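Read top to bottom, the protein sequences are chains A and B. Position one of the first sequence corresponds to residue 1 (the numbering used here), numbered consecutively onward. Position one of the second sequence corresponds to residue 1 (the numbering used here), numbered consecutively onward.
There are 2 protein chains.
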Amino acid sequence: MKLNASDALIKTLINNGLEVVFANPGTSEMHLVAAIDHNPKVRPVLGLFEGVVSGAADGYARMSGKAAANLLHLGPGLGNAFANIHNARKANSPMINIVGDHASYHLKHNAPLTSDLDGLSNASSDWVGRLDDPKNISKLANTAWQTANSPSGKVATMIIPADYAWSDINIDIEPNVSINNPKSVDYNDITKAYNLLKKDKSMLFIGGRFLDETCLKLASHIASATNCRLVTDTFIPKIRRGAGLPIIEQVPYFAEMAELFLADTQSIVFIGSRPPVSFFAYPDKKSFLSPDSAELFELCSNDDDGVSALNELKDLSGSTKIDEKFIQSHIGDVPTSGDLDATTLGPLIAGLMPEDSIVSDEATTSSLLVSPFALQAKPHDWLALCGGSIGQGLPLAVGASLAKPDMPVITLHGDGGAMYTVQALWTQARENLNITNIIFSNRSYEILKIELDRVQAIETGDRAASMFSLDNPPINWCKLSESMGVPAYNPKTVKEFTDFFNKSIYEPGPSLIELNV
Amino acid sequence: MKLNASDALIKTLINNGLEVVFANPGTSEMHLVAAIDHNPKVRPVLGLFEGVVSGAADGYARMSGKAAANLLHLGPGLGNAFANIHNARKANSPMINIVGDHASYHLKHNAPLTSDLDGLSNASSDWVGRLDDPKNISKLANTAWQTANSPSGKVATMIIPADYAWSDINIDIEPNVSINNPKSVDYNDITKAYNLLKKDKSMLFIGGRFLDETCLKLASHIASATNCRLVTDTFIPKIRRGAGLPIIEQVPYFAEMAELFLADTQSIVFIGSRPPVSFFAYPDKKSFLSPDSAELFELCSNDDDGVSALNELKDLSGSTKIDEKFIQSHIGDVPTSGDLDATTLGPLIAGLMPEDSIVSDEATTSSLLVSPFALQAKPHDWLALCGGSIGQGLPLAVGASLAKPDMPVITLHGDGGAMYTVQALWTQARENLNITNIIFSNRSYEILKIELDRVQAIETGDRAASMFSLDNPPINWCKLSESMGVPAYNPKTVKEFTDFFNKSIYEPGPSLIELNV
Chain A
1 MKLNASDALI KTLINNGLEV VFANPGTSEM HLVAAIDHNP KVRPVLGLFE
51 GVVSGAADGY ARMSGKAAAN LLHLGPGLGN AFANIHNARK ANSPMINIVG
101 DHASYHLKHN APLTSDLDGL SNASSDWVGR LDDPKNISKL ANTAWQTANS
151 PSGKVATMII PADYAWSDIN IDIEPNVSIN NPKSVDYNDI TKAYNLLKKD
201 KSMLFIGGRF LDETCLKLAS HIASATNCRL VTDTFIPKIR RGAGLPIIEQ
251 VPYFAEMAEL FLADTQSIVF IGSRPPVSFF AYPDKKSFLS PDSAELFELC
301 SNDDDGVSAL NELKDLSGST KIDEKFIQSH IGDVPTSGDL DATTLGPLIA
351 GLMPEDSIVS DEATTSSLLV SPFALQAKPH DWLALCGGSI GQGLPLAVGA
401 SLAKPDMPVI TLHGDGGAMY TVQALWTQAR ENLNITNIIF SNRSYEILKI
451 ELDRVQAIET GDRAASMFSL DNPPINWCKL SESMGVPAYN PKTVKEFTDF
501 FNKSIYEPGP SLIELNV
Chain B
1 MKLNASDALI KTLINNGLEV VFANPGTSEM HLVAAIDHNP KVRPVLGLFE
51 GVVSGAADGY ARMSGKAAAN LLHLGPGLGN AFANIHNARK ANSPMINIVG
101 DHASYHLKHN APLTSDLDGL SNASSDWVGR LDDPKNISKL ANTAWQTANS
151 PSGKVATMII PADYAWSDIN IDIEPNVSIN NPKSVDYNDI TKAYNLLKKD
201 KSMLFIGGRF LDETCLKLAS HIASATNCRL VTDTFIPKIR RGAGLPIIEQ
251 VPYFAEMAEL FLADTQSIVF IGSRPPVSFF AYPDKKSFLS PDSAELFELC
301 SNDDDGVSAL NELKDLSGST KIDEKFIQSH IGDVPTSGDL DATTLGPLIA
351 GLMPEDSIVS DEATTSSLLV SPFALQAKPH DWLALCGGSI GQGLPLAVGA
401 SLAKPDMPVI TLHGDGGAMY TVQALWTQAR ENLNITNIIF SNRSYEILKI
451 ELDRVQAIET GDRAASMFSL DNPPINWCKL SESMGVPAYN PKTVKEFTDF
501 FNKSIYEPGP SLIELNV
């Protein structure tokens, strides 16, 4: 069948299940744009900066369980997407990058936009495929889809030279590919794990893609029967949480607290996670946090069949009932009046969160004001920053909302991180997404003030402080938001917050709440 | 002498001439922050996104002629800086990146912010040095300084593991390094070039760092005597231009126009530039633009001593006077009343531009409204986008203004590109820089509408058009600017524009003018 190579690429991906392309294309991607135009089964979503594009694809993947595609313009486009691709990789989110390149014969001329695209792709991705012949485009797209949608999601990057993208070819679209199943876990390992969990001071440590309601319930059965602790990572791609759902402890962020948290533990079984390490190294503090004497057993990675493993462990444990200590209680009194402050904010947000909301959390230090209370909110999905590169939260909300339009999204964001990819607000407005962005405006990189002490940096003054301060000039978040078409408000009382928040949640479209904390 | 390794790094760079560090640091750079704090000879400038940081360093380098340093946070920080580093490389701007990495012993743990930093550095830089021992830090800094400040500027990236940065060491600071001289040009090549230029239909093609007033005057002497054409690239790092200065033709952007522009040329001598190539490849259009029959002679690269070469060519030519046809005339009538529109805007801006202003031009299609008139403005420096990656103009203005605080900076920017690194406005406000940002708000990636036809992308509809449109929602540039502390205005008449523009130019601090075009 004669068709345009770009059409073949897009059709192949659609056959496999592609629904959304996040895009900021340029001249070298024009035929890919045309192919998207011609194939209405895929939805193009424009981001005004590629960090928005890749962050949105991550959010989409976390909520849909499959890859979106990013359409990017040569090396600089991929470079701009790098940080949120990094975050997606650390969250094991499936993702496909389609990066246009100069025409194959044009590369040798070192035109202005020529860069080391292959080197950059390798540094960004789990898999890179450079199209070497337009006839292979459907095969390449299948490989990219299959790789990205591995049990543990991968970042698959296709480099498509412009002259191949504009070629007419005579091929059939490849049949769609099957997705690889997770690797099954050896039953001997299951019994070994079970024996460890039965011991004193043991811990079941689950993470990655095993934090949905099913897995958490299985895990809390096991913990109920074996009396082990149930623990997960500090930062998690997605967890189902809220009142009535299983309680799982989280490793604290600060290394010394994490060390204390893990102290005395004698055995840990890992499912979908690895032995916890400190976020950064600090002088005279540990990097590897588990006690030296503990027996650590990595039962399954994210590529393995952790669900079956949890089922088998539960069967071995013989548990029939989850202990009440593993069941989250409902939030108590929710404030209805008074000033909005550090004590009212958390219970208030937790009380107002509707069932089946999605929280995109990048509030860093301010998250502590809300997250502990939100644990007792109505059941919801909580998405965190796994790669540590700030500027994920606003774009992640875009993708999450597109994947689950019926679930209202609540973004909790520090001001410093939100400035990184603030252009995401525009896409939220354009796509009329039901997102409520809460910006904690403390006018500083607050975490860095804490870290400066923790790394024992020698005495510093105003010049160092200026590098952590966003106070001069202060950012007017309401104006910033409104400039991109997102209505905004700066509430000062519980009543003002409640009214604006509820309106935002129960009416279509995005909004922004600036909180001065 | 016992000192902290970070202090040794900063002191070494200061000894060599470092004046400014553009920064967005994190935990792994805290000791470098402390070292900057302790050494008041270097000025720290915070950018709220690393694309601002690297773009500002480029602007500083173009106007000061030497490297600034960027302080960046691990792989993601460098990734965010990638696009404007790319632009800087294409402009041959000297630049030093200081990238903090995890502690050397922490890397194996694959903590959240671990990425392929070495791969990314290699893809970003002309030279990469990973510190292997804190004792070598002063030597490494010297090599980075020397490499960056090569005759043709380079991007030199140092990777500094956190544990080395926090080490106390017992070394002496290395003496500062000499900067390599440009390579001298063989006199036989000079005479060969001269003989080519004397021929019929010849062209002297100069670019790169040979576009200051001295070089342009030498070149116009040569052209006056030999009757060759005097030509430069479409996009140039910095050129001195304006009334009374030499006229130099520029290769048009569109390949077919460029081909016509070069047609019939029989010999071209290149100084600081290379044979022009098309920005992109297009179906059935040429990539390499010079006529096949022309004799092309690359006399000097940016690493060579083009100034001496121009002097020797001038001597050979015997020229004593620049032909009047090479001298730019003054702008004629400047509008003083009426509506602001496509016909009044160019002459108006050209007429208002004060002597010794700096223009940071990333207005893309809208630049055509202003640039031809600005050629006849009072003498000024014009900085363009050499790497083609949009989002350079606002940050470039930051660095240019810091390098030359007495020269008012005028940014001409398309709205699409300006959104990429819009956070630069905040740094402009914080540092109280005299920058007048003119945003041409046509609410689209206008150039892509043109390119869609030019690449012969098959018929497309609304879904493709949506990927080039910034119209829904429209961006309110005045609000956006004010939200970051930069006063803004949306003038509709010549008088309104004139008053606001003059106030902005002659008073300290930045401002923004939104033009709906």
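Note that the Cβ used here is the ideal one computed from N, Cα and C, for glycine as well. Nothing here was measured: the structure is a model prediction, and the numbers come from that model.
Same chain, Cβ closer than 8 Å to residue i, neighbours up to 5 away in sequence not counted
i: S293/B; result: Q266
i: G129/B; result: L140, T143, A144, A156, T157, M158 and I159
i: A81/B; result: E50, G51, V53, S54, N70, L72, N97 and S124
Three-state class that DSSP yields for residue i in the structure shown
i: R443/A; result: coil
i: G393/A; result: helix
i: L340/A; result: coil
i: F270/B; result: strand
i: W477/A; result: helix
i: K217/B; result: helix
i: W426/B; result: helix
i: D462/A; result: helix
i: N170/A; result: strand
i: Q328/B; result: coil
i: H31/A; result: helix
i: H413/B; result: strand
i: G47/B; result: coil
i: H380/A; result: strand
i: I438/B; result: strand
i: R240/A; result: strand
i: N502/A; result: helix
i: A23/A; result: strand
i: V42/B; result: coil
Test item: CB-CB of residue i and residue j under 9 Å
i: P182/A; j: L211/A; result: no
i: G416/A; j: L340/A; result: no
i: H73/B; j: V99/B; result: yes
i: S184/A; j: D315/A; result: no
i: A23/B; j: A162/A; result: no
i: A35/B; j: I171/B; result: no
i: K201/B; j: D264/B; result: yes
i: A384/A; j: D406/A; result: no
i: S401/B; j: G75/B; result: no
i: Y164/B; j: D133/B; result: yes
i: S301/A; j: L289/A; result: no
i: Q392/B; j: N84/B; result: yes
i: A363/A; j: A193/A; result: no
i: E298/B; j: P276/B; result: no
Residues near residue i in its chain [Cβ-Cβ closer than 7 Å; skip 5 each side]
i: K90/B; result: C386 and G387
i: S329/B; result: A243 and Q376
i: E259/A; result: K286 and L289
Own chain partners of residue i with C-beta closer than 6 Å, once the 5 adjacent residues on each side are dropped
i: F468/A; result: S444, Y445, L448 and K449
i: S6/B; result: H31, L32, A35 and A165
The ligand NAD heavy atom lying under 8 Å from the CB of residue i
i: S273/A; result: No copy of the ligand NAD occurs in the structure displayed, which carries no ligand at all.
Task: Touching by the beta-carbon criterion (3+ pairs, under 8 Å), the segment 495-508 of chain B and the segment 425-440 of chain B - done: yes
- [ ] Answer yes if the segment 374-382 of chain B comes into contact with the segment 343-361 of chain B, meaning at least three C-beta pairs across the two stretches below 8 Å, and no otherwise.
- [x] yes
- [ ] Would you check if there are 3 or more beta carbon pairs closer than 8 Å linking the segment 101-110 of chain A to the segment 137-148 of chain A?
- [x] Result no; under three Cβ-Cβ pairs closer than 8 Å.
TODO: Flag this pair as touching only if the segment 413-428 of chain A and the segment 256-274 of chain A have three or more C-beta atom pairs under 8 Å; answer yes or no.
DONE: no
Open item on the list: To test your reading of the DSSP string, which unbroken alpha helix (DSSP H) runs of 4 or more residues are found completely within the segment 246-294 of chain B?
Closed with: 255-262
- [ ] Taking 8 Å as the threshold, find out whether the segment 284-300 of chain A comes into contact with the segment 332-349 of chain A through three or more Cβ pairs.
- [x] Because the criterion of three Cβ pairs below 8 Å is not met, the segment 284-300 of chain A and the segment 332-349 of chain A do not touch.
Task: beta strand (DSSP E) runs wholly inside the segment 49-79 of chain A, at least 3 long, in chain order - done: Entirely contained in the segment 49-79 of chain A, the beta strand (DSSP E) runs reaching 3 residues are, in chain order, 69-73.
Open item on the list: Please give me, in chain order, every unbroken run of the alpha helix (DSSP H) with length at least 4 that falls completely inside the segment 114-160 of chain B.
Closed with: 117-124 and 137-148
TODO: Evaluate the contact criterion for the segment 189-204 of chain B versus the segment 223-237 of chain B: three or more CB pairs, one atom per stretch, below 8 Å.
DONE: With a cut-off of 8 Å, the segment 223-237 of chain B and the segment 189-204 of chain B count as touching, because enough Cβ pairs lie within range.
- [ ] Inspect the CB distances between the segment 47-67 of chain A and the segment 419-427 of chain A and report whether three or more fall short of 8 Å.
- [x] The segment 47-67 of chain A is in contact with the segment 419-427 of chain A.
Open item on the list: Taking contact to mean 3 or more Cβ pairs, one atom from each stretch, closer than 8 Å, check whether the segment 473-483 of chain B and the segment 480-490 of chain A are in contact.
Closed with: yes
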